[in-house]
Amino acid sequence: MQCTQHQQHGRLPSLAAPAAACCAAPATAGIRQPRLQTHTCHRVLLAAGAAAAAAAAHAGQSCQATHQPYRVQQPQQQQGPPFQKGLPHPAAVDRLLPVVASSSSSSSYPRLLPTYPDTPDSCQQQLCEVLHITPAEAQLLMLSSADAAALPRQQLEANWAQLQRLLPLSRPQLLQAMLQLPELLLQPQQVVGIRLAEAAGVLQLPLAQLQRRQNVSTPQLHWQLLLLSAQELEERLAQLLQLLDLEQLQQQRKQQQVQQLSRKLRQSVVAMVLQEPRLLSVGQAQLVSSVEAVEQVCSWPLLRLLPALRAHPRLLVTPGERLYAAAATLQQQLRLSEEGLALALRRAPAALLVPAGQLADLLAELAANLAVPTDVAADILLQEPQLLLRRPGAVSAVLGSLRSTFQLSSDELLQVVEYDPTVLCWSPGSLADSSSKFKEAAGRHKAWAAEYKQLMSKPVNVARALRIEPLRLLRLTFLLRSRMAASCSLKAAVSMSGRQFVGQYPGYAAWLAQHYSAGGVPRQYRGIELDEDEDEDDEGEEE
């Protein structure tokens, strides 16, 4: 009769006589040698066989036929490595044999080994309770790491809590990582640190940068890096780089320039991996189909699209069929030709990731706020394709802020948006901050305050005023502190080029050098040494 536990775990061959002794052994037979995490019954079988062999030798009998199965455990006849996971080390067995052989009865051997209170069933139950996993998952974990299964409950709970702090991931992801890295549950911090150090070397990044939690995808990145060895990570980066074809560039440029470009491409790929960790696990076929889809719908080579892909690497992990379907939906909702769609997607390839329902809601929201047909709203979006990525609620909030801040009607609001559609890309807070700073600076002088009200009565000037750089507002501060505000109008102060303003007010460059927070004088304020590269912006131009 075989031991039922042996049949379940299948770790040793079926043995008739020792198995019967194992099944008849008392509950105290749950014996384990320290640091040898083997099944309890295995220990009993080894001890029983050794005792029987010693008794037979003392009686002058041959035990060759009776205990032949134990000869499989001898190191000289062993096939494979001398110590396998889940089996006792031969040296440990040799230390036990003389002690067991000195016993006069087989019933005394359980008391010769140190005892542990837990059994395999209790280990499985402990894993289920602490890790919140199913019994089947606990069995897989016990097979992959017997050491982790035998940890004391307090240590297991501490290691599990530390692992969750290091990798705040879902339970299936943590289980997959523990099955692939059995030592992860034994020493979480050390294993994670070693893996990240190896990955930092491959990615050519400082370890501190890789460890720092930069966004919500950082735990996913760490999880992907844990599952890949250094060699596998290097191979994965090579696959991503192969998607960027350099053959034409090698024919057109010098080798040195190509090498520099290759380094830049590698840096871009690393940046994309840091932002979208799924690039390390998605299949090669899907990557190729995604790249081909982006190239085809945009009608541009991949190298020209690389900045957009670096900003939105989710395009590369989106199946090609889904990208084609998204392009067809955009073309239908915006009523574009293939050429018009390609032009729009070149400026905003990430529009392929926008859900179809969101774009329809955006068109409806924009048309309702501006009191225009949907076709006009679509034309406004196409003037600035980045607006395709905006959520309808965010666009509605910006329009409401513009309307309330400058007291604009729907027609005046439409003029502002048509003149500069990029104002819809702002957040309401940034919009209010920009408008309030200009209004506050103009209100410091009585003549400027009156001029501000007159200028802001025209919608076009509202759009221009929102684009005034903060550095230009320092001119107003300089004029006030220099007591020269009366000599310059508000419109001229903020619309003159840097060279013109420095030429008219020579002391401004020295004053700016003392008060400019970034240090140094901006190039446009260095006087005659500057080429006139800044046109008049005509902010606040009065028509």
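So that you can map any letter, position 64 of the sequence shown is 64 in UniProt numbering, and since no number is skipped, the others follow by simple counting. We put the beta carbon where it would ideally sit given N, CA and C, even for glycine.
For the candidate residues the options, whose alpha-carbon lies nearest to that of residue i?
i    : options                : result
A197 : Q173, L228, A513, S434 : L228
L237 : L279, R403, Q275, R472 : L279
Q187 : P277, C298, D420, Q162 : Q162
A513 : S497, V494, S487, F478 : F478
R266 : R153, Q275, Q284, L241 : L241
F406 : N369, Y419, A146, L466 : L466
C425 : L402, S289, A360       : L402
A356 : L370, A328, Y505       : A328
S497 : S487, R483, I468       : I468
Q386 : L359, D375, A450       : L359
H222 : S281, Q239, S268       : S281
L381 : A368, L363, N369       : L363
A378 : R347, A394, L336       : L336
E235 : E451, Q284, S482, Q180 : Q284
L143 : Q180, R153, S170       : Q180
With a cut-off of 9 Å, does the C-beta of residue i fall near any C-beta of chain B?
i    : result
K437 : Absence of chain B from the displayed structure is noted, only one protein chain being present.
Mapping the DSSP letters down to three states, classify residue i as helix, strand or coil.
i           : result
Q209        : helix
Q187        : coil
Y324        : helix
A350        : helix
A150        : coil
W160        : helix
residue 551 : What is shown of the chain runs 1 to 543, which leaves residue 551 out entirely.
I133        : coil
G507        : coil
D420        : coil
Q204        : coil
G443        : coil
Q155        : helix
P392        : helix
residue 611 : This structure leaves residue 611 out entirely; the chain is present only between 1 and 543.
K437        : helix
K453        : helix
V462        : helix
On the CB-based measure, 16 or more other CB atoms within 10 Å of its CB, does residue i come out buried or exposed?
i    : result
H132 : exposed
S396 : buried
I194 : exposed
E365 : buried
E338 : exposed
Q155 : exposed
S409 : exposed
S104 : For S104, the predicted structure reports a pLDDT of 37, less than 50, and the residue's modelled location is therefore unreliable. The matter cannot be settled from this model.
S404 : exposed
P421 : buried
A52  : Low confidence applies here, because A52 scores a pLDDT of 49, under 50, leaving its location unreliable and the question unanswered by this model.
S457 : exposed
K491 : buried
A208 : exposed
G320 : buried
A212 : At residue 212 the sequence reads Arg, which differs from the Ala that was named. Under this definition R212 is an exposed residue.
P313 : buried
E232 : exposed
D121 : exposed
A447 : exposed
A308 : buried
S487 : exposed
Y508 : buried
S145 : buried
E129 : exposed
S435 : buried
Do residue i and residue j have their CB atoms nearer than 9 Å?
i    : j    : result
N159 : L175 : no
L316 : V354 : no
V372 : L399 : no
L343 : L352 : no
A138 : L127 : yes
A199 : L167 : no
L203 : L306 : no
V297 : L341 : yes
L323 : V294 : yes
A350 : L287 : no
D361 : P392 : yes
A463 : V423 : yes
Q454 : E418 : no
V460 : V416 : yes
R304 : M272 : no
Compute every distance between the C-beta of residue i and the non-hydrogen atoms of the ligand MN, then say whether any falls below 8 Å.
i    : result
G193 : The ligand MN is absent from the structure shown, which contains no ligand whatsoever.
key: Meets three-Cβ-pair contact criterion under 8 Å: the stretch 421-432 and the stretch 441-449   = No, the stretch 421-432 does not touch the stretch 441-449.
ask   = Okay, do the stretch 465-475 and the stretch 494-503 touch, 3+ Cβ pairs below 8 Å being the bar?
value = Cβ pair count under 8 Å is three or more, so yes.
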